[in-house]
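For the sequence shown, my numbering begins at 265 and goes up steadily by one.
Glycine is no exception: its CB is placed at the ideal position from the N, C-alpha and C atoms.
A short write-up of the structure that comes next.
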Amino acid sequence: MAMQAFIPCESAGYVNILSRFINLLLAQYVSFIVWFLF
């Protein structure tokens with residue numbers, strides 16, 4: 265939270281979108297592995 269004060273609004277938005285994209289990819293990857301193994 266405190267680090268956001270040092271980050272410009274544009275880059276903070278990019279980081280937010282990037283983290284959402286990575287979370288989405290990780291969720292699909294993990295669910296695919298679980299479905300494939302079990």
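Across the structure, Ser-275 and Ile-281 are spaced so that their CA atoms are roughly 10 angstroms apart.
Taking C-alpha positions only, Phe-296 is separated from Tyr-278 by approximately 27 angstroms.
If you draw a straight line from the Cα of Phe-285 to the Cα of Val-298, it is about 20 angstroms long.
For Phe-302, the three-state secondary structure derived from DSSP is coil.
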